[in-house]
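**Student:**
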Amino acid sequence: MSDINITINNMDIKVPRGTTILDAAKQVGIHIPTLCHLDLHDFGVVNKTASCRICVVELENRPNLVPSCAEIANEGMHIKTDSLKAINARRNNLQLLLSNHPFECLTCIKNLDCELQSLAEELNIRDIYVKGEKMDYPIDYSSNAIVKDPNKCVMCRRCETMCNDVQTVGVLSAINRGFNVTVAPAFNLDMLETSCTYCGQCVAVCPTGALTERSDIGKTWRALSNEKTHTVVQVAPAVRVAIGEMFGLEPGTISTPQLVSALKRLGFDGVFDTNFAADLTIMEEAHELMHRIKTGGRLPMLTSCCPAWVKFIEQQFPDLIDVPSSCKSPQTMLGAIAKTYYAEKMGIDPNNMKVISIMPCVAKKAESARPELSKEDVFNVDYVLSTRELGHMIKEAGIEFNKLEGNDFDSILGESTGAGAIFGTTGGVIEAAVRTAKELMTGETLENIDFKELRGLAGVRKATIKIGDMDLNIGIAHGLGNARKLLEEIQKGTSEFHAIEIMACPGGCIGGGGQPYHHGDVSIIKKRQDAIYKIDASKPRRKSHENKMVKKLYDEYLNHPYSDLSHELLHTSYKPGEKI
Amino acid sequence: MKERLTVLVCGGTGCIASDSDEMLIVMQDKIKELGLDDEVRILKTGCFGFCGQGPIIKIQPDNIFYVKVKISDIDEIIEEHIIKGRIVSRLLFDDPKSHKKVKAHRHMDFYKKQFRIALRNCGTINPEDISEYIASRGYEALAISLQEYSPIDVIKIMKDSGLRGRGGGGFPTGLKWEYTYNQDVNQKYIICNADEGDPGAFMDRSILEGDPHSVLEAMAIGGYATGATRGKIYIRAEYPLAIKRLEIAIAQAREYGFLGTNIFGSGFDFDVEIRLGAGAFVCGEETALINSMTGLRGEPSKKPPFPSEAGYKNKPTSVNNVETLANIPAIILKGSDWFNTIGTPMSKGTKVFALAGKINNIGLVEVPMGTTLREIIYEIGGGIIGGKKFKAVQTGGPSGGVITEQHLDTPIDYESLKAIGSMMGSGGMIVLDEDDDMVEISKFYLDFTQEESCGKCTPCRIGTKRMHEILERLTNMEGTPEDLDILEDLANNIKYTSLCGLGQSAPNPVLSTLEYFREEYEAYAYRTKKTAYTIIDDKCIGCTKCARVCPVDCITGKVKQVHIIDEAACIACGACYDACPVNAIEKP
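As given, the protein sequences belong to chains A and B, one line each in that order.
In the working numbering, each residue carries its 1-based index in the first sequence increased by 31.
For the second sequence, position 490 (counting from the first letter as 1) is numbered 483 according to the working numbering, and the numbering increases by one without interruption.
(1) Where does Cys566/B land, buried or exposed, given buried means 16+ other C-beta within 10 angstroms?
(2) Against chain A, which members of the region 426 to 450 of chain B pass a CB distance test of less than 8 Å?
(3) For the pair the region 219 to 234 of chain A and the region 188 to 206 of chain A, tell me if three or more CB-CB distances fall below 8 Å.
(4) Closest by CA to Cys237/A, which one among Leu223/A, Leu280/A, Arg573/A, Gln148/A?
(5) Decide if the region 174 to 182 of chain A is in contact with the region 267 to 279 of chain A; the criterion is three or more beta carbon pairs, one per stretch, under 8 Å apart.
(6) If you count every other CB in all the chains shown that lies within 10 Å of the CB of Glu224/A, and 16 or more means buried, which is it?
(7) Below 8 Å on the Cβ atoms is my guess for Val582/B versus Thr343/B; work out the distance and round it to an integer in Å.
(8) Quick check: what's the CA-CA separation for Ala55/A versus Glu106/A?
(9) Is the Cβ of Leu203/A closer than 8 Å to any Cβ of chain B?
(10) Measure from the C-beta of Ile563/A to each C-beta in chain B and report whether the shortest distance is under 8 Å.
(11) Which residues in chain B have a C-beta closer than 7 Å to the C-beta of Tyr160/A? List them in chain order.
(12) Can you tell me whether Asn576/B is buried or exposed? The criterion is at least 16 other CB atoms within 10 Å of its CB, across all chains shown.
(13) Return the first residue and the last residue of the beta strand (DSSP E) that His509/A is part of.
(14) Take Met(-6)/B and list the residues in its own chain whose beta-carbon comes closer than 6 Å to its own, dropping the five residues that flank it on each side.
(15) Does any C-beta atom of chain A lie closer than 8 Å to the C-beta of Met(-6)/B?
(16) In angstroms with no decimal places, state the Cα-to-Cα distance between His591/A and Ser597/A.
(17) Whose Cβ in chain A lies nearer than 7 Å to the Cβ of Leu483/B?
(18) Between the region 112 to 130 of chain A and chain B, which residues of the former have CB atoms less than 7 Å from a CB of the latter, in chain order?
(19) Taking any Cβ of chain B, which residues in the region 157 to 191 of chain A have a Cβ under 9 Å from it, in chain order?
(20) Measuring CB to CB, does Thr317/B end up less than 8 Å from Gly158/B?
(21) Go ahead and label Asp204/B buried or exposed: buried means 16 or more other beta carbons lie within 10 angstroms of its beta carbon, across all protein chains shown.
(22) Using the beta-carbon of each residue, which ones in chain A are nearer than 7 Å to Lys296/B?
(23) Measuring straight from C-alpha to C-alpha, what distance separates Cys450/B and Gly260/B?
(24) Compare the C-beta of Asn95/A with all C-beta atoms of chain B and state if any pair is closer than 8 Å.
(25) Who are the neighbours of Val291/A on chain B, taking C-beta pairs under 7 Å?
(26) Identify each residue in the region 51 to 83 of chain A for which the Cβ-Cβ distance to at least one residue of chain B is less than 8 Å, and report them in chain order.
(27) Using alpha carbons as the reference points, say which of His74/B, Cys40/B, Asp406/B lies closest to Val56/B.
(28) Shorter than 8 Å from the beta carbon of Gln245/B to some beta carbon of chain A?
(29) Could you check if Asp180/A is buried or exposed, using at least 16 other CB atoms within 10 Å of its CB as the buried criterion?
(30) At the 8 Å Cβ level, is Pro544/B part of the contact set with chain D, yes or no?
(31) Between Ile541/A and Ala452/A, which are expected to be in contact by the criterion C-beta below 8 Å, what is the C-beta distance as a whole number of angstroms?
(32) Would you report the Cα separation of Asn353/B and Arg367/B, rounded to the nearest angstrom?
(33) Roughly how many angstroms lie between the CA atoms of Tyr548/A and Cys67/A, to the nearest whole one?
(34) Going straight from the alpha carbon of Phe432/A to that of Ile425/A, what length do you get?
(35) Roughly how many angstroms separate the alpha carbons of Thr6/B and Leu242/A, rounded to a whole number?
(36) Here's a check: name, in chain order, each residue in its chain whose Cβ is nearer than 7 Å to the Cβ of Asn486/B, leaving out the five neighbours to either side.
The following block contains the structure:
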């Protein structure tokens, strides 16, 4: 496309046709503050509601200001981003938003991580020139994953864009009129009553404290301080490449040793790795896939590690609940093993044990409370902390994370392979499964372990892997909207796949709703992904079936993959739900 | 056989609300009973426009215009007028100036200065009978367009005519059609915006109730010109009569082949569908209207892209207002040169105004652009009720402003109204007299806009709320002088940064009253505003009427002695003011 000439703050520049004023300004080093704008174009999302009116700029000969995030630059446009009129308009609109904000900043979970707060600092707001009534909605604590405080909503509509356009779940939308407008489920239902999958992408993009996770910090502290309770903690693969961001480290910093140290300092009795359970999942899932292929069972088989995705299929595609693998997710597998195998070995009464998961996710909170993932009221997993919550606990405990020496996971449930590590990114679960399935089915040792054709960040990816005489067709989708496309193919009977990996969050768990906030910077997610593959490459063993501790678990306890005891402890079932 | 008499009974919403529907039935029954149904034809028509005088019954060819008719008057009309040919003069219009009875509508000041294009058939034809529309040259314009003109010819006629959108924006209709025509896409749409939402404006409803076919015909012409084969009418569900008549009209037009496939053998296909709106003010804004029609939340989107590029279902869409459309068949029949000679250099044709407030003749008036407000208010409107002093006229509804005495001689058009701080809007015109409180008037409009704001953008959602709160504070005597500065800053901020036209124009009632009546705001802000009624000593005759009606007993005085109001106790209800026979009471 041809370039056009425009003038910004008296500087003449050329920009490609179709460029927004906001992007054009960036080219000449001009930062225009934004609030509702969210550009995740790598994931196919740009929130262009142009509703906050913070990024307004002045155009020559136009009395009205225009939103630079959505206004496309035209040939010959004269733009002023720093005129008094533009600056005042921005300040005025921000002050209006602040005049309807609770001012609980000091006690807000988003304190120092809030885009509204940063904006107030950036625009040098020292007083609110107009005061008045504030919204007074009840806070929705109905679910155990997401807390919705409409009083902190600034109507940026980012959550709505994620929920509707990206995830196609359609739970959140604007309700009411005028001053009483807020974002909520239809009829202002409680979140618990809806088909919310708790993927947490609304939480991930909310600029304020309107959508946050339900905290388990208090319960965890109480468990830790109770001497009679044996506390077991597990850490998901995507946490170790993001937790450093909570302490000012570069995104993509691999902090596994410091993380383990911090958990030990916090006082957890057993510090285990969800990556171990990821390897275990592969053993079960690969065998299930082979079983389905050999016996002419239901194909394609879909991965089932992601609880948001599981809830999505239950509610949106109740007729397809026989396609996901019956494997539990790694976190609940580890919980189940900890409360049986580990408990027996250590001589601990499972009733006196609490399993706490550190997850990049808020859906894992909801998952842990699913009744089928418990036995006689003993849940596989008791509490789930997000990466962010763990960061807060470490700070609370006065642990200087960046100065920690580093430590290793405890044995028995601590060893993991590179295959377990890549569970944290889109494409990782299926790659790990392929590594194992291919060796198990052909009996040959893989020469090339890196299945690069399965990697990347494209929303839907397809690959065919040759396994012996068989062409294994693999599909990968991340983001529930992309998942929907593959599911509709299955519904129509046109799906060409044998196995499909689905993760609800864009990027997979590295982009989860419990991760440190990316504030719209997709490069952070890419750096986390790079770090995940770095961990994989650095591992001495990179195939799940080579995990010695997993082997030991089978030898000592479970017998073999897909055994009766495996089924009892490591597999689950799904219930058809309805769309609300 | 030709009937001896035709009785036209107004079937507009206002008259129906006063039982005109029942009158029609009573009259039909009576006429039948008397065996007169061969010589007397009784018809239900659309709105006559003189709604303040309804229900209206007109008898032709005698050209007698009965006003404020009641069911109990029907017998007399039949016995005296229909049977004996004697006019029932007590039911004739009483001219507020001359106090003489007027028989024919054309002799009434209200109608004399009117020039009807959009309302040409309202009150003269039966809107539920397509043959009456055809008899008034109905669908001839469509036939001519399809058989003699190319789409470009039709667009050229529209452009040459100078017709501009009557919904408020004033965008040239021909240009809008041309933009849509120029889009190289096979599916296009034409939408009739019948989501009339300005408080007090009801011209669109009256046109749809009184002459629905003119709108259908214009939509078909517009479809032909722009390349749209599908038309949609977005109408608020609170207009049941208009919807019913549209449904009848669409069915009849299909039956006659004016809608459907291969219209007039031209190969052009066009059909119309009705879509009901839930009555949100903001859905009159075209992008919000399209969102609502698509099934999305009724809230505006950023323009560009304009609907003519990407509208309904992302296809090129021309959105035209009812009144605009009603002009189009007349323009095609009489030519752009004819239309072009009416009006001002920038604004051609006529505009329908809904005249209301403290004015003698209330109703719908259609006047050529360039008519002055003075002509509308004093000649057509018959002046201010009770001979009170004119204070201002509010035009453009919640998006407009007030116009004061000094601008009464401004010839009305889109530009001139804007220049004096108001706007054409959809044509609401509310006349205010010396008793009206401008701060209260502004508060009324702000109350409306802040409630009807879709809440999408910050300035409109929170800003209008804050403005309303300041006005509340002021009128409760709790405001401060600083509030006036904040009010003005807020108003300008909302005007310059809101997302859509509704937000951008929402502060206009405040900005214009601040400009012309700042002292009234200051009286509140500095708390010098009188809040109690007072008695003028030398006028009071001591009749005790005021003391007797006062609900809080704050008026004291003996018979035939000057009375006194306890100002601290007065609640300013105005009962004493209305009761006083000698105008001895002064308003706050």
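Glycine included, each C-beta is placed from N, C-alpha and C at the ideal position.
**Tutor:** Looking at the coordinates:
(1) For the purposes of this step, residue 566/B is taken as the residue at position 573 of the second sequence. With fewer than 16 other Cβ atoms inside 10 Å of its own Cβ, Cys566/B counts as exposed.
(2) Those would be Gln443, Glu444, Glu445, Ser446, Cys447, Gly448, Lys449, Cys450, in chain order.
(3) Yes, the region 219 to 234 of chain A touches the region 188 to 206 of chain A.
(4) Start at 1 with the first residue of the first sequence, and residue 237/A comes out as number 206. Answer by Cα proximity: Gln148/A.
(5) No, because fewer than three Cβ pairs between the region 174 to 182 of chain A and the region 267 to 279 of chain A fall closer than 8 Å, the two stretches do not touch.
(6) Position 193 of the first sequence, counted from the start, is the residue given in the question as residue 224/A. Counting Cβ neighbours within 10 Å, Glu224/A comes out exposed, since fewer than 16 surround it.
(7) One cannot answer for residue 582/B here, as it falls past the ends of chain B, which runs -6 to 581.
(8) Stepping through the first sequence from its first residue, residue 55/A is reached at position 24. Stepping through the first sequence from its first residue, residue 106/A is reached at position 75. Ala55/A and Glu106/A: Cα-Cα distance of roughly 12 Å.
(9) Against the first sequence, residue 203/A aligns to sequence position 172. Look at Leu203/A: its C-beta is not under 8 Å from any C-beta on chain B.
(10) Locating residue 563/A in the first sequence gives position 532, counting from the first residue. Not flagged as an interface residue toward chain B: Ile563/A, since no C-beta distance is shorter than 8 Å.
(11) The count along the first sequence starts at 1 and reaches residue 160/A at position 129. Listed along chain B are Ile479, each with a C-beta nearer than 7 Å to that of Tyr160/A.
(12) One-based indexing of the second sequence puts residue 576/B at position 583. By the neighbour-count definition (other C-beta atoms within 10 Å, threshold 16), Asn576/B is an exposed residue.
(13) Residue numbering aside, residue 509/A sits at position 478 when the first sequence is read from its first letter. Its beta strand (DSSP E) spans residues 501 to 509.
(14) What you label residue -6/B is simply residue 1 of the second sequence in a count that begins at 1. At Met(-6)/B the pLDDT is 45, less than 50, meaning the model places this residue with poor confidence; the figure from the coordinates comes in the next sentence. The same chain holds no residue with a CB closer than 6 Å to that of Met(-6)/B once the five nearest residues on each side in sequence are set aside.
(15) Residue -6/B sits at position 1 when you count from the first residue of the second sequence. A caution first: Met(-6)/B carries a pLDDT of 45, below 50, which makes its placement in the model unreliable, though a value can still be read off. Not an interface residue.
(16) As a working mapping, residue 591/A is identified with position 560 in the first sequence. As a working mapping, residue 597/A is identified with position 566 in the first sequence. Cα to Cα, the separation comes out at about 8 Å.
(17) Against the second sequence, residue 483/B aligns to sequence position 490. For the C-beta of Leu483/B, the chain A residues within less than 7 Å are, from N- to C-terminus, Val161.
(18) Cβ contacts with chain B come from Ala120, Asn123, Asn124, Leu127, Leu128, Ser130.
(19) Considering only beta carbons, the part of the region 157 to 191 of chain A lying closer than 9 Å to chain B consists of Tyr160, Val161, Lys162, Gly163, Glu164, Val185, Met186, Arg188, in chain order.
(20) As a first step, residue 317/B must be located in the second sequence, where it is residue number 324. As a first step, residue 158/B must be located in the second sequence, where it is residue number 165. Yes.
(21) Within the second sequence, the letter at position 211 stands for residue 204/B. It is buried - the Cβ of Asp204/B has at least 16 other Cβ atoms within 10 Å.
(22) For the purposes of this step, residue 296/B is taken as residue 303 along the second sequence, with counting starting at 1. Per Cβ cutoff of 7 Å: no residues; Lys296/B is ~10 Å from chain A at best.
(23) The residue labelled residue 450/B in the question sits at position 457 within the second sequence. The residue labelled residue 260/B in the question sits at position 267 within the second sequence. When rounded, the separation of the alpha-carbon atoms in Cys450/B and Gly260/B is 46 Å.
(24) Here residue 95/A is taken as the residue at index 64 of the first sequence, counted from 1. True, the Cβ-Cβ gap to chain B drops below 8 Å.
(25) As a first step, residue 291/A must be located in the first sequence, where it is residue number 260. Think of a sphere of 7 Å around the beta carbon of Val291/A: no beta carbon from chain B falls inside it, the nearest being about 46 Å out.
(26) Answer set for the region 51 to 83 of chain A: Lys79, Thr80, Ala81, Ser82, Cys83.
(27) Residue mapping note: residue 56/B aligns to position 63 of the second sequence, counting from 1. It should be pointed out that residue 56/B corresponds to Asn in this sequence rather than to Val. Nearest to Asn56/B by C-alpha distance, out of His74/B, Cys40/B, Asp406/B, is His74/B.
(28) Within the second sequence, the letter at position 252 stands for residue 245/B. No - not a single Cβ of chain A is within 8 Å of the one on Gln245/B.
(29) Within the first sequence, residue 180/A is the residue found at index 149, counting from 1. Label assigned to Asp180/A: buried.
(30) Note that chain D does not occur in the displayed structure, where the protein chains are A and B.
(31) In the first sequence, counting from the first residue as 1, residue 541/A sits at position 510. In the first sequence, counting from the first residue as 1, residue 452/A sits at position 421. So it is not a contact: roughly 11 Å between Cβ atoms.
(32) Here the question's residue 353/B lines up with position 360 in the second sequence. Here the question's residue 367/B lines up with position 374 in the second sequence. Using only the alpha carbons, I get a separation of about 14 Å.
(33) Mapped onto the first sequence, residue 548/A falls at position 517. Mapped onto the first sequence, residue 67/A falls at position 36. In a straight line, the C-alpha of Tyr548/A is about 15 Å away from that of Cys67/A.
(34) Counting from 1 along the first sequence, the entry for residue 432/A is found at position 401. Counting from 1 along the first sequence, the entry for residue 425/A is found at position 394. When the Cα atoms are used, Phe432/A and Ile425/A turn out to be separated by approximately 7 Å.
(35) Counting from 1 along the second sequence, the entry for residue 6/B is found at position 13. Counting from 1 along the first sequence, the entry for residue 242/A is found at position 211. Per the coordinates, the alpha-carbon of Thr6/B lies some 48 Å from the alpha-carbon of Leu242/A.
(36) The sequence position of residue 486/B within the second sequence is 493, counting from 1. Excluding positions up to five away in sequence, the list reads Pro452, Gly456.
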